[in-house]
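If you count by the working numbering, then the sequence shown holds residues 5 to 192, one letter each, in order. From the three backbone atoms N, C-alpha and C, an ideal C-beta is built for every residue, glycine too. Values in this document were obtained by computation on a predicted structure and should not be read as measured data.
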Amino acid sequence: ECPRDLHLVKKRIELECQDSELADHGFYAIPVGGDTIKDITIRVAEALVRAYGNVNYGFRELSSSDEGSYVQSYVFDKENNIRIAREFFVAFQIKTKKGMKRLEDPRDRQWHINAQAQKAVRALILEIIPMDIKELASDTLEATTRKRLESSSKNEGIKILLNCFLKVNVSRPEIEARIGKDISTATP
5 ECPRDLHLVK KRIELECQDS ELADHGFYAI PVGGDTIKDI TIRVAEALVR
55 AYGNVNYGFR ELSSSDEGSY VQSYVFDKEN NIRIAREFFV AFQIKTKKGM
105 KRLEDPRDRQ WHINAQAQKA VRALILEIIP MDIKELASDT LEATTRKRLE
155 SSSKNEGIKI LLNCFLKVNV SRPEIEARIG KDISTATP
């Protein structure tokens with residue numbers, strides 16, 4: 005294997021992040037306390053790993069009981085011989101508006117394990133990838149989204165924005181409540 009060419013890696017990342025579909029799903033944001041945490045999604049992290057090359061990642065279920073499963077998520081940068089693994093417990097319950105709900109269906113349990121493990125994998129991938137490469141990806145994703153919104157009319161841009169939020173089950177009233185104004189007064 006040849007040593008990793010970081011200039012080529014950066015070019016690959018720019019190309020990946022110029023894809024409007026990836027840019028539309030490039031970030032997640034969740035409210036925590038009074039702040040909002042924003043970061044890149046697992047799909048972008050996977051694109052970073054593809055561009056970075058020579059990295060193995062994933063998760064495996066170590067053991068399972070009626071209460072939950074022990075899971076290990078891992079990332080192995082073969083070129084730098086860096087392996088990071090995290091073991092954690094995934095309880096078979098989820099928080100709902102009505103309180104905690106126990107997961108009984110095996111498919112629901114597997115989906116829950118996969119979701120929690122993918123979050124851990126994303127975090128580990130982001131530990132392996134150098135900061136300048138992550139920043140390049142974020143900047144390129146934002147520029148791709150901004151360019152697409154600017155190239156369409158304001159109303160079309162707002163429609164695109166609303167559709168992106170609808171894909172993650174966030175409605176127009178929820179957006180307007182969050183930003184404190186009518187979305188039609190926003191600029192791309």
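- By the neighbour-count criterion, in which 16 or more other beta carbons inside 10 Å mark a residue as buried, residue 81 falls on the buried side.
- DSSP places residue 17 inside the alpha helix (DSSP H), whose first and last residues are 10 to 21.
- Taking 7 Å as the cut-off, the Cβ atoms of residue 45 and residue 56 do not count as close.
- Under the three-state reduction of DSSP, residue 62 is assigned to strand.
- Annotated as proximal: residue 90 and residue 77, with beta-carbon spacing under 7 Å.
- DSSP, reduced to helix, strand and coil, places residue 91 within a strand of the structure shown.
- In this structure, DSSP gives residue 35 an extended state, which the three-state scheme calls strand.
- For residue 99, the enclosing beta strand (DSSP E) begins and ends at 97 to 100.
- Counting only the Cα atoms, residue 128 lies some 20 Å from residue 115.
- Assigned with DSSP and collapsed to three states, residue 185 falls in coil, not helix or strand.
- With respect to the C-alpha of residue 58, the residue from 47, 83, 28, 144 having the closest C-alpha is 83.
- The beta carbon of residue 132 sits closer than 6 Å to those of 79, 81, all from its chain and outside the five residues before and after it, given in chain order.
- Burial check for residue 54: the Cβ neighbour count within 10 Å stays below 16, so the residue is exposed.
- Your pair residue 16 and residue 29 does not check out as a contact, with CB atoms roughly 19 Å apart and the cut at 8 Å.
- Counted as a single uninterrupted DSSP element, the beta strand (DSSP E) harbouring residue 75 occupies residues 72 to 81.
- Ranked by Cα distance from residue 150, the first of 8, 27, 18, 141 is 27.
- The beta carbons of residue 113 and residue 96 sit closer together than 7 Å.
- When DSSP reads this structure, residue 41 sits in a beta bridge with 34.
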